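Data first, discussion second: the structure below is written as structure tokens.
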Amino acid sequence: MNKETGPLPFDKERVPRHIAFVMDGNGRWAKKRGLPRTAGHSAGSESFHKAAEILAELGVRHMTVYAFSTENWKRPLEEVSAIMGLLEKYLRRSIRELVENNIQLDFWGDLSPLPPKLRKLIDQTDELSKQCTGMQVHVCLNYGGRDEILRAARALAQDCLDGKLKPENIGEEELEGRMYCKNVPPPDLLVRPGGEMRISNFLLWECAYSEFYFTDTLWPDFGREEIYKAIAEFQKRNRRYGGLSR
4 MNKETGPLPF DKERVPRHIA FVMDGNGRWA KKRGLPRTAG HSAGSESFHK
54 AAEILAELGV RHMTVYAFST ENWKRPLEEV SAIMGLLEKY LRRSIRELVE
104 NNIQLDFWGD LSPLPPKLRK LIDQTDELSK QCTGMQVHVC LNYGGRDEIL
154 RAARALAQDC LDGKLKPENI GEEELEGRMY CKNVPPPDLL VRPGGEMRIS
204 NFLLWECAYS EFYFTDTLWP DFGREEIYKA IAEFQKRNRR YGGLSR
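What follows is the structure, encoded as structure tokens:
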């Protein structure tokens, strides 16, 4: 990993345990440069890789990224195909480097509609990175927050029908145990580049008490300086979890 020297603008002992990113602005980044949208997605994949390395270097334990939503299928077929191709290319090129850096990669979402080659690569990636004990990167692919909750609710209903569970015994733990996020702490910080101020059906359950950080910087331009700014801002926040200010 390439590390920059110099004082950090935040307390490294208090970095967020889990940071989530809505990787927004790839298309606008490309348009500003007179390039096809696919060029923006390619640049965005490089930003993802660099961000993962920086967060691992800082001691962040979990990184979750919104790579492709359940709604993104509405985009032009050419763009969707290009995104799938980029994902395949990225995994082929970068997984061994991530494993060498002890970074574990897993995937959240309904992977069944994805191209067979990509699904096979995802399975191989899961297997290769199981040995890693460092930062966990959760890639949300064909993911929607409402869909995640709905799937968990259906699983609970089926368990009740099968006599494995009584409705009166259902609590948050039972629901969360049937979600992609099981065994993962909720995001402390959700970061959205690109100037939009919404979460777009991302981690609706998990982000109940997350701090949000919005910036106009487009995702392909989101580098070390922007990551530092987001963490520094997070450390200024007073997280109350519904209680009073301390």
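Numbering-wise (the numbering used here), the sequence shown opens with residue 4 and increments by one.
Every residue gets a Cβ at the ideal spot worked out from N, C-alpha and C, and that includes glycine.
Please read all numbers here as calculations on a predicted model, not as lab measurements.
Asked                                                                                                                                                                      : Found
For K203 and V25, I'd like the C-alpha separation in whole angstroms.                                                                                                      : According to the sequence provided, residue 203 is Ser. The question's Lys does not apply to it. Those two C-alpha atoms are separated by around 9 angstroms.
Enumerated in chain order, which unbroken segments of the beta strand (DSSP E) with a length of 3 residues or greater are wholly contained in the region 97-177?           : 107-111 and 139-146
Would you grab the beta carbon distance between L108 and S132 for me? Rounded to a whole angstrom, and I think it's under 8 angstroms.                                     : 5 angstroms
By the DSSP assignment, the beta strand (DSSP E) with E74 in it spans what residues?                                                                                       : Where E74 is concerned, there is no enclosing beta strand (DSSP E), given that its DSSP letter is neither H nor E.
Just the C-alpha distance for G105 and E171, rounded to the nearest angstrom, thanks.                                                                                      : Per the sequence shown, the amino acid found at residue 105 is Asn instead of Gly. Answer to the nearest angstrom: the Cα atoms are 42 angstroms apart.
Determine which residues share a DSSP beta bridge with V25 and list them.                                                                                                  : Y69
Would you call the region 16-24 and the region 231-240 in contact, with 3 or more CB pairs under 8 angstroms?                                                              : yes
What do you reckon, are the CB atoms on P142 and F110 nearer than 8 angstroms?                                                                                             : Per the sequence shown, residue 142 should be read as Val rather than Pro. Cβ atoms of V142 and F110: closer than 8 angstroms.
Does N29 pass the burial test, meaning 16 or more other C-beta atoms within 10 Å, or should it be called exposed?                                                          : buried
Assess, as a yes-or-no matter, whether the region 169-189 is touched by the region 40-54 under the definition of 3 or more beta carbon pairs within less than 8 angstroms. : no
CB E130 to CB W208, shorter than 8 angstroms?                                                                                                                              : no
Determine the direct distance from the alpha carbon of L114 to that of S213, and round the result to whole angstroms.                                                      : 26 angstroms
Alpha carbon to alpha carbon, how far is R242 from R201?                                                                                                                   : 20 angstroms
Per DSSP, which residues does F237 bridge with? Please list them.                                                                                                          : Per DSSP, none; premise fails for F237.
Let me know the secondary structure DSSP gives L221 once reduced to three states.                                                                                          : coil
Excluding sequence positions up to five away, which residues of its chain have a Cβ less than 6 angstroms from the Cβ of E177?                                             : none
Look at the alpha carbon of P223 and the alpha carbon of E49, and state the distance between them as a whole number of angstroms.                                          : 7 angstroms
Taking the beta strand (DSSP E) that N193 belongs to, which residues open and close that run?                                                                              : For the record, residue 193 in the displayed sequence is Leu; it is not Asn. Unbroken beta strand (DSSP E) run through L193: L192 to R195.
Give the DSSP-derived three-state secondary structure of W16 in the structure shown.                                                                                       : A small correction: the amino acid at residue 16 is Glu; Trp does not occupy that position in the sequence shown. E16 falls in the helix class under three-state DSSP.
What would DSSP say about F51, mapped onto helix, strand or coil?                                                                                                          : helix
CA-CA distance, Q134 and R99?                                                                                                                                              : 12 angstroms
Closest to Y183 by C-alpha separation, out of A85, N145 and V63, would be which residue?                                                                                   : N145
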